[in-house]
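Chains as they are written, first to last, in the working numbering: chain A, -7 to 334; chain B, 119 to 419.
Here a beta-carbon is modelled for each residue, glycine too, at the ideal position from N, C-alpha and C.
Structure first, then comments.
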Amino acid sequence: MTAAIEFRDVSRVYGEVRAVDRVSLTVEAGEFFAMLGPSGSGKTTCLRLIAGFETPDSGSVLLNGRDVTDDPPYVRDVNTVFQDYALFPHMSVLENVAYGPRVRGQRKEDWQRRALEMLELVQLGHFAERRPSQLSGGQRQRVSLARALINQPRVLLLDEPLGALDLKLREEMQIELKNLQRRLGITFVFVTHDQGEALSMADRVAVFNHGRIEQLDTPRALYTRPATAFVARFVGSANVVAGELAQRLSGRAEPFAVRAENIRLRAPAAPVNGDTMSCIGDVADVQYHGAMSRWQVRLESGEVFAAAVPDTNSNDEFRVGARVRLEWARGDAVPLTAAESS
Amino acid sequence: MTALSTFLYRRPALYVTLLLIPPLLWFGTVYLGSLFALLAQSIYSIDEFTAKVVYEPTLATYKQVITQAANVDIILRTLSMAVAVTIACAAIALPIANYMVRYAAPRTRALFYVGVMLPMWMSYLVKVYAWRLILAKQGILSWLFDTLGLGAALEALLRVPGIGGPSLSASYLGMFIVFVYMWLPFMILPLAAALEKVPESLLQASADLGARPAQTFRTVTLPLALPGLAAGSVFTFSLTLGDYIIPSVVGAPGYFIGMMVYAQQGTAGNIPLAAAFSVVPIVLIMIYLTLAKRAGAFDAL
């Protein structure tokens, strides 16, 4: 079976900036694939390279095994849900959804029926005659989804589609998108800067930084076995220990990561277990997050550790400025194997 | 001072009123007041023997405007010119504005804006007289046609009844060229403003859904540019309807509405007729706007 999308050594350069730097990747058919990274990391440019809004400066882009590097967007078998939804303001919701079939010359009875079906699919059947400006953000997002799906593309591209929605709606849409993808069996490529979103929805995630893929893996592997310090920090909000401190704690010079929720706070004088690593520092800050609190602890050598601790009364003895012992199991220290990309 | 500020801050209506009275007075008296004073004259008539204005409300002057064959000719001539100039301006301005907004790099775009506005910073009369020289029988344009071996084509064009004449500078075609030149910036600028408001993502969405560039232009760009096109065409249309200098300097001898207003209120001293004639463009613009609205020109606003 051929891959839905394949990048072969693709680069896109804007002046001095290598927005996408020799990226190679393969997205399998039917996969829910996320591109995760901070803004300016190249993830959106990659999406635009798939859609055809950008042409690579070198390398090639393949869709379903066919080289489409020089094909314009209107001949590619992909459709996009835009970050700003990009609904046509001068058309009704129905006309927006029917746009694809209409420009392809379908008969009116056909496109009307198809567009209504798509609107039913996203539960907006009774909004057909409205203008996009009369809809809420969540409704516009659904219209945009229906409009992109009506062409029955083999690949659906989603550019930060949930970014403008409030938290509750975002969580609902995450589930809905996931269900939709399972039902339709279409390849979804989803761009986001929200690691929670990428982890909860995707089958595989490519983590972008400075135009390159730092790591491409399943969400669980990314979270539990980050390959680089960047992935450890960005995906797991983990503490990265390197240099002298790493040497002192683990006995080896390689950097390693410890996730905040694996760190326990103890009294400085508490007995030390042999299977753990521990160090001593002062509480610099405590943020209350409901189910847990996030503690910032500064070591004497200057490093700051974050520890996520379940919110129980037993921590009452520690205040900002108090001296604490940080402790975690040796097994929770994940060695960072891959070299850091600059 | 603080007390006064607080007093006004708590009473926004009073604050706005105080701010608006001076400009509204200016606008009301100088702009609208003088206009209505002129228009009010149109319901009077002139005594044919004494050449004095008779201050009794009557529609006789209007009747004169819309029934006398010579006057109807003037209106139709002006209207046809305004329509032709508007269409030509739109056809030339649309690709230019689209290029400026969509494709030009920031520096090039700035150059284009300056280029569009530069002619507007020059004296209007200088430009009109310059055009008379350009279009003259021995002018640079006929020289250019001759040099390119197209002299015969120009002659043939000038022999076309209605638009032709002894030379470009004495033909309606020449007048049309000058009108288009003069009002083009008034079409480009609102069009560019309208196109600038169209997000790039809409054009990308259209291409993404399978529309070829020509389809995207027809189904997305053009409908969204319509408000700008409507605004620009109101300028080109009304400026052509009201102008009296271009028709008197360039072109065939037939009268235009603006020339008629000028002649009637000046040499002829027939203020009511001049006033009635100045109502004609207003009515035509209103009809035009109604038609444009009905055609959906303002739907995208």
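Cutoff 7 Å; reference residue i; Cβ partners in own chain excluding five residues on either side
| i | result |
| --- | --- |
| valine 53 (chain A) | Phe(-1), Val2, Leu41, Ile42, Val60, Thr61 |
| tyrosine 77 (chain A) | Arg132, Gln133, Ser136 |
| glutamate 253 (chain A) | Ala300 |
| tyrosine 215 (chain A) | Leu191, Val227, Gly228 |
CB contact check: residue i to chain B, cutoff 8 Å
| i | result |
| --- | --- |
| glycine 7 (chain A) | no |
| valine 53 (chain A) | no |
| glycine 129 (chain A) | no |
| histidine 118 (chain A) | no |
| proline 48 (chain A) | no |
| asparagine 56 (chain A) | no |
| phenylalanine 45 (chain A) | yes |
| arginine 4 (chain A) | no |
| glycine 155 (chain A) | no |
| arginine 99 (chain A) | no |
| arginine 139 (chain A) | yes |
| leucine 32 (chain A) | In the sequence under discussion, the amino acid at residue 32 (chain A) is glycine, which differs from the leucine named in the question. So, not an interface residue. |
| tyrosine 91 (chain A) | yes |
Cutoff 8 Å: residue i Cβ touching any chain A Cβ
| i | result |
| --- | --- |
| valine 219 (chain B) | no |
| alanine 332 (chain B) | no |
| glycine 328 (chain B) | yes |
| glutamine 322 (chain B) | yes |
| serine 289 (chain B) | no |
| threonine 337 (chain B) | yes |
Chain A residues whose Cβ lies nearer than 8 Å to that of residue i
| i | result |
| --- | --- |
| leucine 340 (chain B) | Those within 8 Å of leucine 340 (chain B) in chain A number zero; the least Cβ separation is about 10 Å. |
| serine 319 (chain B) | Phe74, Gln75, Asp76, Ala78 |
Opposing strand residues paired with residue i [DSSP bridges]
| i | result |
| --- | --- |
| arginine 4 (chain A) | A:Val12 |
| aspartate 209 (chain A) | A:Val197 |
| glutamine 288 (chain A) | A:Asp277, A:Ala298 |
| alanine 249 (chain A) | A:Val232, A:Val326 |
| serine 270 (chain A) | A:Glu319 |
| aspartate 151 (chain A) | A:Val183 |
| serine 31 (chain A) | Per DSSP, none; premise fails for serine 31 (chain A). |
| alanine 26 (chain A) | A:Phe182, A:Val197 |
| proline 304 (chain A) | Strictly speaking, residue 304 (chain A) in this sequence is threonine, with proline absent from that position. Looking at the DSSP assignment, threonine 304 (chain A) forms no beta bridge with any residue, so it has no partner. |
| threonine 72 (chain A) | A:Leu149 |
Spatial neighbours of residue i in its chain, beta-carbon cut-off 8 Å, leaving aside the 5 residues before and after
| i | result |
| --- | --- |
| serine 333 (chain A) | Any reading at serine 333 (chain A) needs caution, since the residue's pLDDT is 45, under 50, leaving its predicted position unreliable; the model's value is listed next. Counting only Cβ-Cβ distances below 8 Å, and skipping sequence neighbours, we find Asn201, His202, Arg204, Glu206, Thr220, Phe222. |
| glutamate 23 (chain A) | Ala(-4), Thr179, Phe180, Asp195, Arg196 |
| valine 312 (chain A) | Val275, Ala276, Asp277, Val278 |
| serine 128 (chain A) | none |
| alanine 370 (chain B) | Gly283, Ala288, Ser289, Tyr290, Met293 |
Proximal chain B residues relative to residue i, where beta-carbon distance stays under 9 Å
| i | result |
| --- | --- |
| alanine 107 (chain A) | In chain order: nothing, as chain B lies at least about 12 Å away. |
| valine 147 (chain A) | Within 9 Å Cβ-Cβ: nothing; valine 147 (chain A) doesn't reach chain B, min ~12 Å. |
Neighbour list for residue i in chain A, Cβ cutoff strictly below 9 Å
| i | result |
| --- | --- |
| threonine 226 (chain B) | Within chain A, no residue comes near threonine 226 (chain B); the closest Cβ sits about 17 Å away, beyond 9 Å. |
Contacts of residue i in chain B (Cβ-Cβ under 7 Å)
| i | result |
| --- | --- |
| asparagine 71 (chain A) | Asp326, Leu327 |
| arginine 96 (chain A) | Gly328 |
Nonlocal neighbours in the same chain, by C-beta distance under 6 Å from residue i, ignoring five residues either side
| i | result |
| --- | --- |
| glycine 273 (chain A) | Val289, Arg290, Leu291 |
| phenylalanine 297 (chain A) | Asn231, Val289, Leu318 |
| leucine 122 (chain B) | none |
| aspartate 361 (chain B) | Gly376 |
| methionine 165 (chain A) | Leu154 |
| leucine 212 (chain B) | none |
Proximal residues of chain B, C-beta to C-beta of residue i below 8 Å
| i | result |
| --- | --- |
| histidine 202 (chain A) | In chain order: nothing, as chain B lies at least about 25 Å away. |
| proline 64 (chain A) | Ala325 |
| asparagine 143 (chain A) | Leu327, Gly328 |
| glycine 323 (chain A) | Near glycine 323 (chain A) there are no residues of chain B at all, since even the closest Cβ is about 48 Å away, more than 8 Å. |
Counting pairs of Cβ atoms below 8 Å between the stretch 297 to 308 of chain B and the stretch 347 to 358 of chain B, do you hit three or more? yes
Three or more C-beta pairs below 8 Å linking the stretch 132 to 142 of chain B and the stretch 234 to 244 of chain A: no
Does the stretch 317 to 335 of chain B come close enough to the stretch 78 to 87 of chain A to have 3 or more Cβ pairs within less than 8 Å? yes
So, do the stretch 25 to 38 of chain A and the stretch 80 to 90 of chain A have three or more beta carbon pairs nearer to each other than 8 Å? no
Count Cβ pairs between the stretch 268 to 283 of chain B and the stretch 178 to 191 of chain B that sit closer than 8 Å; are there 3 or more? no
For the pair the stretch 61 to 71 of chain A and the stretch 140 to 149 of chain A, tell me if three or more CB-CB distances fall below 8 Å. yes
Are at least three pairs of beta-carbons, each pair with one atom in the stretch 154 to 168 of chain B and one in the stretch 327 to 343 of chain B, less than 8 Å apart? no
Sufficient close CB pairs (3 or more, under 8 Å) joining the stretch 310 to 321 of chain B to the stretch 277 to 288 of chain B: no
So, does the stretch 164 to 174 of chain B touch the stretch 399 to 409 of chain B, judging by three or more C-beta pairs under 8 Å? no
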